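So this note's numbering is basically just the index in the sequence shown, starting at one, shifted up by 180.
Scroll down for the structure; my scribbles are underneath it.
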Amino acid sequence: MSAPGLQLVVVTGLPGAGRSTAAKCLEDLGWFDVDNLPPALLPTMVDLATRSQGAVGKIAVVVDVRSRAFSSDLRTALDEIGKLGVRPRV
């Protein structure tokens, strides 16, 4: 299922960098905010949003960089999201 209108922002960074604050600002601007979502769940989140028939059009997801597999997990998730027709901003 393609979702060309769905907007996805992945907020990441080191602890104390303001990830949650940035996500809360996006939430105040009407974005659906998910804090500390494991990268492996990103494609599922996007798939659910595409099935919402427009109810969820903008998603801001905070991802923690402290896990050892962060880089490969996030790359895999972003590749899967791309197959769904969504181009996330990181």
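The beta-carbon is built from N, C-alpha and C at its ideal position, and this holds for glycine as well.
Just so you know, these numbers come straight off a predicted model, no measurement behind them.
For Leu-186, count neighbouring Cβ atoms within 10 angstroms of its own Cβ and tell me buried if that reaches 16, exposed if not. buried
Please work out which residues of its chain come closer than 7 Å, Cβ to Cβ, to Leu-222, disregarding the five sequence neighbours upstream and downstream, and give them in chain order. Val-241, Ala-257, Ile-261
Considering just the uninterrupted stretch of the beta strand (DSSP E) at Ala-257, what are its terminal residues? Element bounds for Ala-257: not the beta strand (DSSP E) but the alpha helix (DSSP H), 250-263.
Consult DSSP for Ala-197 and reduce its assignment to one of helix, strand or coil. coil
Is Val-243 closer than 7 Å to Pro-268 when the C-beta atoms are compared? no
Here's a check: name, in chain order, each residue in its chain whose Cβ is nearer than 6 Å to the Cβ of Ser-182, leaving out the five neighbours to either side. Residue placement at Ser-182 cannot be trusted, given a pLDDT of 49 that sits under 50; the coordinates are not used to answer.
For Met-225 and Ala-235, what's the separation of their Cα atoms in angstroms? 13 Å
Distance CB(Asp-213)-CB(Ser-200) smaller than 7 Å: no
Can you name the start and end residues of the beta strand (DSSP E) that Asp-213 belongs to? 212-214
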